[in-house]
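Asks: Taken in sequence, the protein lines are chains A and B. Numbered by the UniProt record's numbering, the letters in the first sequence go through residues 1 to 422 in order. Numbered by the UniProt record's numbering, the letters in the second sequence go through residues 1 to 249 in order. For each residue, glycine too, the CB sits at the ideal point set by N, CA and C.
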Amino acid sequence: MTLRKEFLILFKDLGGLAVLFIMPVVLVIVVTLIQNNTYENITNQKMKVLVIDNDKEKVSQQVLDEITQSGSFEIIQSLDGVTQLDENRLQEEVIKGNYQLAIVIPPNLTSNIQKQIDNNVEQVLEAVVESSESSTAVESQSEQEVRLYFDPALQIAFREGIKSAIDKIVGRIENKFIYQAFAEQLDLPENSEFLEQKNLVVFNEIIPQEKELIVLPNAVQHNVPAWSLFAIFFIIVPFAMNLLKEKNQGTKVRLYTMPTNTFILWAGKIVTYLVICILQFYLILIVGRYVFPLIGLMPFMIGGQLLNLTILTLAVGLAAISIGVLFGTFAKTEEQSSPFGATFVVILAAVSGVWVPTFAMPIAMQYIAKLSPMNWGLEGYYTLLLRQGTLWQIKYEIILLLLFSSLMISIALWYDKKKRSL
Amino acid sequence: MNAIIDIQGIYKKYKESEFFSVEDVNLQIKKGAFFGLLGPNGAGKTTLISLLCGLIKPTTGKILIEGKNYESFEKQIKQNIGVVPQEYALYPTLSAYENLLYFGSMYGLKGKELKKSIDYYLDYLGLKEHAHRSIQSFSGGMKRRVNLIAGILHNPSILFLDEPTVGVDLQSRLILVDLLKELHKKGTTIIYTSHHLHEVQELCETIAIIDKGKIFALGSSEELMEKTQTTNLEAAFLALTGVNLKEHE
Numbered sequence: 001m002t003l004r005k006e007f008l009i010l011f012k013d014l015g016g017l018a019v020l021f022i023m024p025v026v027l028v029i030v031v032t033l034i035q036n037n038t039y040e041n042i043t044n045q046k047m048k049v050l051v052i053d054n055d056k057e058k059v060s061q062q063v064l065d066e067i068t069q070s071g072s073f074e075i076i077q078s079l080d081g082v083t084q085l086d087e088n089r090l091q092e093e094v095i096k097g098n099y100q101l102a103i104v105i106p107p108n109l110t111s112n113i114q115k116q117i118d119n120n121v122e123q124v125l126e127a128v129v130e131s132s133e134s135s136t137a138v139e140s141q142s143e144q145e146v147r148l149y150f151d152p153a154l155q156i157a158f159r160e161g162i163k164s165a166i167d168k169i170v171g172r173i174e175n176k177f178i179y180q181a182f183a184e185q186l187d188l189p190e191n192s193e194f195l196e197q198k199n200l201v202v203f204n205e206i207i208p209q210e211k212e213l214i215v216l217p218n219a220v221q222h223n224v225p226a227w228s229l230f231a232i233f234f235i236i237v238p239f240a241m242n243l244l245k246e247k248n249q250g251t252k253v254r255l256y257t258m259p260t261n262t263f264i265l266w267a268g269k270i271v272t273y274l275v276i277c278i279l280q281f282y283l284i285l286i287v288g289r290y291v292f293p294l295i296g297l298m299p300f301m302i303g304g305q306l307l308n309l310t311i312l313t314l315a316v317g318l319a320a321i322s323i324g325v326l327f328g329t330f331a332k333t334e335e336q337s338s339p340f341g342a343t344f345v346v347i348l349a350a351v352s353g354v355w356v357p358t359f360a361m362p363i364a365m366q367y368i369a370k371l372s373p374m375n376w377g378l379e380g381y382y383t384l385l386l387r388q389g390t391l392w393q394i395k396y397e398i399i400l401l402l403l404f405s406s407l408m409i410s411i412a413l414w415y416d417k418k419k420r421s422l
Numbered sequence: 001m002n003a004i005i006d007i008q009g010i011y012k013k014y015k016e017s018e019f020f021s022v023e024d025v026n027l028q029i030k031k032g033a034f035f036g037l038l039g040p041n042g043a044g045k046t047t048l049i050s051l052l053c054g055l056i057k058p059t060t061g062k063i064l065i066e067g068k069n070y071e072s073f074e075k076q077i078k079q080n081i082g083v084v085p086q087e088y089a090l091y092p093t094l095s096a097y098e099n100l101l102y103f104g105s106m107y108g109l110k111g112k113e114l115k116k117s118i119d120y121y122l123d124y125l126g127l128k129e130h131a132h133r134s135i136q137s138f139s140g141g142m143k144r145r146v147n148l149i150a151g152i153l154h155n156p157s158i159l160f161l162d163e164p165t166v167g168v169d170l171q172s173r174l175i176l177v178d179l180l181k182e183l184h185k186k187g188t189t190i191i192y193t194s195h196h197l198h199e200v201q202e203l204c205e206t207i208a209i210i211d212k213g214k215i216f217a218l219g220s221s222e223e224l225m226e227k228t229q230t231t232n233l234e235a236a237f238l239a240l241t242g243v244n245l246k247e248h249e
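1) Residue range of the beta strand (DSSP E) that Val83 of chain B falls in?
2) Would you list the residues sitting across from Glu74 of chain A in a DSSP beta bridge?
3) Decide if Lys143 of chain B is buried, meaning its Cβ has at least 16 other Cβ atoms within 10 Å, or exposed.
4) Could you tell me the alpha carbon to alpha carbon distance between Phe19 of chain B and Phe230 of chain A, rounded to whole angstroms?
5) In chain order, what residues of the same chain lie with their CB nearer than 8 Å to the CB of Ala235 of chain B, ignoring the 5 residues before and after it?
6) Using a C-beta cutoff of 8 Å, does Thr390 of chain A count as contacting chain B?
7) Would you mind working out which of A:Asn308, A:Ala369 and A:Thr333 sits nearest Ile398 of chain A, comparing C-alpha positions?
8) Taking Cβ-Cβ distances below 8 Å as the criterion, which residues of the region 271-291 of chain A are in contact with chain B?
9) Should Leu174 of chain B and Ile149 of chain B be called a contact, given that it needs their Cβ atoms to be closer than 8 Å?
10) Is Tyr415 of chain A close to chain B, meaning its C-beta is less than 8 Å from at least one C-beta of that chain?
11) Which of the three DSSP states is assigned to Ala89 of chain B in this structure?
12) Give the residues from the region 231-258 of chain A that approach chain B closer than 7 Å (Cβ to any Cβ), ordered along the chain.
13) Taking Ile5 of chain B as part of the beta strand (DSSP E), name the residues at either end of that continuous run.
14) Would you say the region 371-378 of chain A touches the region 292-300 of chain A, given that touching needs at least three Cβ pairs under 8 Å?
15) Taking the alpha carbon of Val28 of chain A as the point to measure from, which residue in A:Glu160, A:His222 and A:Lys269 has its own alpha carbon closest?
16) Anyone know if the C-beta pair for Ala96 of chain B and Leu114 of chain B falls short of 8 Å?
17) Buried or exposed: where does Val128 of chain A fall if 16 or more other Cβ atoms within 10 Å of its Cβ makes it buried?
18) Roughly how many angstroms separate the alpha carbons of Leu188 of chain A and Gly161 of chain A, rounded to a whole number?
19) List the endpoints of the continuous alpha helix (DSSP H) containing Ala350 of chain A.
20) With a cut-off of 8 Å, does the C-beta of Leu8 of chain A fall near any C-beta of chain B?
21) Ser338 of chain A and Val237 of chain A look like a contact to me (Cβ under 8 Å); what is the Cβ gap, rounded to whole Å?
22) In chain A, which residues lie with their C-beta within 9 Å of the C-beta of Glu87 of chain B?
23) Please list the partners that Gly75 of chain B has in chain A, where partner means a Cβ-to-Cβ separation under 7 Å.
24) Any heavy atom of the ligand ATP inside 7 Å of the beta-carbon of Asp65 of chain A?
25) In whole angstroms, what separates the C-alpha of Glu129 of chain B from that of Asp119 of chain B?
26) Classify Met408 of chain A as buried or exposed, calling it buried when 16 or more other Cβ atoms lie within 10 Å of its own Cβ.
27) Please report how far the alpha carbon of Val26 of chain A lies from the alpha carbon of Ile284 of chain A, in whole angstroms.
28) Locate the beta strand (DSSP E) running through Asp24 of chain B, then write down its first and last residues.
29) In chain order, what residues of the same chain lie with their CB nearer than 6 Å to the CB of Leu233 of chain B, ignoring the 5 residues before and after it?
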């Protein structure tokens, strides 16, 4: 009867149901779409780059050609019909946020690089043929400064990525010039094969998998479990509210005057909300599997782990509910419980690696993350979904979640009993 | 005396309080009595009722209900008592019927027996037509009536009522009082607190006046009037508790 009563209360509260079921789905869809698009922006979408080319020679031309050919950038050299941009205007455009990147190529870049490379090559060759007595004086060239203006709002990781890409392009051009200089000095034909540069080292990205079934990590595989976990933990808020309402309505007092076992009352509530957690999780899985492809996202791959995921979700749900039991028991008013519960979940998500991977956190925060039940859940989900792990491999996460739940519920029950015996 | 409730030297002091909310209370209530507990606000009435219902434990002293104490026979005692708290103590989004079905089941009632009991009392208190409406759509008087039914569905031998008619209209009060008389006639022991002194005078055979946690006077309304040389219970009450404002809690 307690189960029936709890479900009736839940299903008669349409606003509460929306919070429990619609909000997590919206959250997972929005976050995955954003993260997926961000990834695609970096890789597929062209970024407009303002350029002042003060060199207009071989090197600058080649740099701009390679930047264009990379497919990630579109070169803009004139604005509003003005073809000769000055550096101040360029800065202004970046500061306003109209452009995220601007490049200023210094004058005489080609001739200076050429001179420097020729000198260096000449010196090397002279050293090789041991004719140092006839060496010519080396004219040292100062470093050539290509100025990059970044929009301050651009994220550091993104900025570093662009810098690295441009550096790679310039490095390749420098190498080509060096090879050409050697070819000239050694009277090799200009179309020699070795001038066609190929990378000497290539990278083959391999994701270790223990099973034959391979589920590739992507934004969907990361986000569905992470944000499902976030949504499940939000059950803390309605659960604590449910307890407080019973306290404030007087129904809790009435129930304590009845011959019912307190354990049954608590168990009824906990089981009801556990069912809600599982339904939330299944709903998100269904959305990930069948709705994501309809909105241009990769489908979520369960990889034959449904049973293991359900067992882990039960442990995760119990941990979340146990925090709700604690908050609902300690809080005196709904005004205390609701904002505190919501803020607590957000902080827990941040600490646990839902937003930023734990390995990217400062060492102290990494230790704190290991104490968080949300982190245990997240590790469990990643082990099952991304590493294709087994239930045995997540036994410690499940045990920790169950121990945590027992501890929270025990503290709450002890406090409740103590309050009543005052 | 055949005491169904035996209170022996009860003291109750809350942890955060400097004073005893109930102090040296010794009381025997006989089986089948209609017992009134009168006192100003904060006199200790609700604390005494909470002690008798087993909601809180006394600091010292002993309470025996039908010869049993809460430490050893909590479940048996709670099965035989009914409690109607001062608050509505109902789930506002559930209907009257759903509330009663749930609270009745907590006493172990089920099936036809439970439904029959619910139907009988809903009909008695004029709520049959409103049985499937949510409590939050009910008037104060209707909520009071459902609140009472939730405490008597299992036919308790002792019924504790903490101001069951507060804030209700005359019609609702009359029907509630009528049901209480009916229950009393059937042999239910009723412990009743109220601020409606006329009601207490009409219903209760024995009245205890409590103030500052102590029982000041005990007896029938006639005995109390005689003791205070007054002509009605209200005057007797004021003579015993004083005319100054009472704000103890």
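Replies: This is what the structure holds:
1) In the second sequence, the residue the question calls residue 83 of chain B occupies position 83. Run containing Val83 of chain B: Ile81 to Val84, per the beta strand (DSSP E) assignment.
2) Along the first sequence, read from residue 1 onward, the residue named residue 74 of chain A stands at position 74. According to DSSP, Glu74 of chain A bridges with A:Lys48.
3) By one-based count along the second sequence, residue 143 of chain B stands at place 143. Around the CB of Lys143 of chain B, 16 or more other CB atoms lie within 10 Å, so the residue is classed as buried.
4) Along the second sequence, read from residue 1 onward, the residue named residue 19 of chain B stands at position 19. Along the first sequence, read from residue 1 onward, the residue named residue 230 of chain A stands at position 230. Taken atom to atom, the span from the alpha-carbon of Phe19 of chain B to that of Phe230 of chain A is near 48 Å.
5) In the second sequence, counting from the first residue as 1, residue 235 of chain B sits at position 235. Cβ neighbours of Ala235 of chain B within its own chain (closer than 8 Å, five residues either side excluded): Met225 and Thr228.
6) In the first sequence, residue 390 of chain A corresponds to position 390, counting from 1. The beta-carbon of Thr390 of chain A is placed no less than 8 Å from the nearest beta-carbon of chain B.
7) Residue mapping note: residue 398 of chain A aligns to position 398 of the first sequence, counting from 1. A check of alpha carbon separations from Ile398 of chain A across A:Asn308, A:Ala369 and A:Thr333 identifies A:Asn308 as the nearest.
8) Within the region 271-291 of chain A, no residue qualifies.
9) Locating residue 174 of chain B in the second sequence gives position 174, counting from the first residue. Locating residue 149 of chain B in the second sequence gives position 149, counting from the first residue. Not closer than 8 Å, so no.
10) Within the first sequence, the letter at position 415 stands for residue 415 of chain A. Cβ-Cβ to chain B under 8 Å: no for Tyr415 of chain A.
11) Residue numbering aside, residue 89 of chain B sits at position 89 when the second sequence is read from its first letter. Coil at Ala89 of chain B, not helix or strand.
12) Result list: Gln249, Gly250, Thr251, Val253, Arg254, Leu255, Tyr256, Thr257 and Met258.
13) As a first step, residue 5 of chain B is located in the second sequence; it is residue number 5 there, counting from the start. Counted as a single uninterrupted DSSP element, the beta strand (DSSP E) harbouring Ile5 of chain B occupies residues Ala3 to Lys12.
14) The way I'd put it, the region 371-378 of chain A doesn't touch the region 292-300 of chain A; fewer than three beta-carbon pairs between them come closer than 8 Å.
15) For this step, residue 28 of chain A is matched to residue 28 along the first sequence. Nearest to Val28 of chain A by C-alpha distance, out of A:Glu160, A:His222 and A:Lys269, is A:His222.
16) Counting from 1 along the second sequence, the entry for residue 96 of chain B is found at position 96. Counting from 1 along the second sequence, the entry for residue 114 of chain B is found at position 114. In this structure, Leu114 of chain B does not lie closer than 8 Å to Ala96 of chain B by Cβ.
17) Counting from one through the first sequence, the residue named residue 128 of chain A turns up at place 128. Around the CB of Val128 of chain A, fewer than 16 other CB atoms lie within 10 Å, so the residue is classed as exposed.
18) Walking along the first sequence from the start, residue 188 of chain A turns up at place 188. Walking along the first sequence from the start, residue 161 of chain A turns up at place 161. If you draw a straight line from the Cα of Leu188 of chain A to the Cα of Gly161 of chain A, it comes to about 37 Å.
19) Stepping through the first sequence from its first residue, residue 350 of chain A is reached at position 350. DSSP places Ala350 of chain A inside the alpha helix (DSSP H), whose first and last residues are Glu334 to Ser352.
20) Residue mapping note: residue 8 of chain A aligns to position 8 of the first sequence, counting from 1. Yes, its Cβ sits closer than 8 Å to a Cβ of chain B.
21) Your numbering for residue 338 of chain A matches position 338 in the first sequence. Your numbering for residue 237 of chain A matches position 237 in the first sequence. Contact between Ser338 of chain A and Val237 of chain A holds, since their C-beta atoms are separated by about 6 Å, short of 8 Å.
22) Position 87 of the second sequence, counting from 1, holds the residue named residue 87 of chain B. The answer, in chain order, is Asn248, Gln249, Gly250, Thr251, Val253 and Arg254.
23) Within the second sequence, the letter at position 75 stands for residue 75 of chain B. Sequence inspection shows Lys at residue 75 of chain B; the Gly mentioned does not correspond to that position. In chain order: Pro259.
24) In terms of ligand content, the structure shown is empty, and the ligand ATP therefore cannot be addressed.
25) Here residue 129 of chain B corresponds to residue number 129 of the second sequence, with the count starting at 1. Here residue 119 of chain B corresponds to residue number 119 of the second sequence, with the count starting at 1. The straight-line gap from Cα to Cα measures roughly 10 Å.
26) Residue numbering aside, residue 408 of chain A sits at position 408 when the first sequence is read from its first letter. By the neighbour-count criterion, in which a residue is buried when 16 or more other Cβ atoms sit within 10 angstroms of its Cβ, Met408 of chain A is buried.
27) Counted from its first residue, the first sequence places residue 26 of chain A at position 26. Counted from its first residue, the first sequence places residue 284 of chain A at position 284. Val26 of chain A and Ile284 of chain A have their C-alpha atoms roughly 9 Å apart.
28) Here residue 24 of chain B refers to the residue found at position 24 when the second sequence is read from its first residue. Asp24 of chain B -> beta strand (DSSP E) spans Val22 to Lys30.
29) Locating residue 233 of chain B in the second sequence gives position 233, counting from the first residue. Excluding sequence neighbours, Leu233 of chain B sits near Leu197, Gln201 and Ser221.
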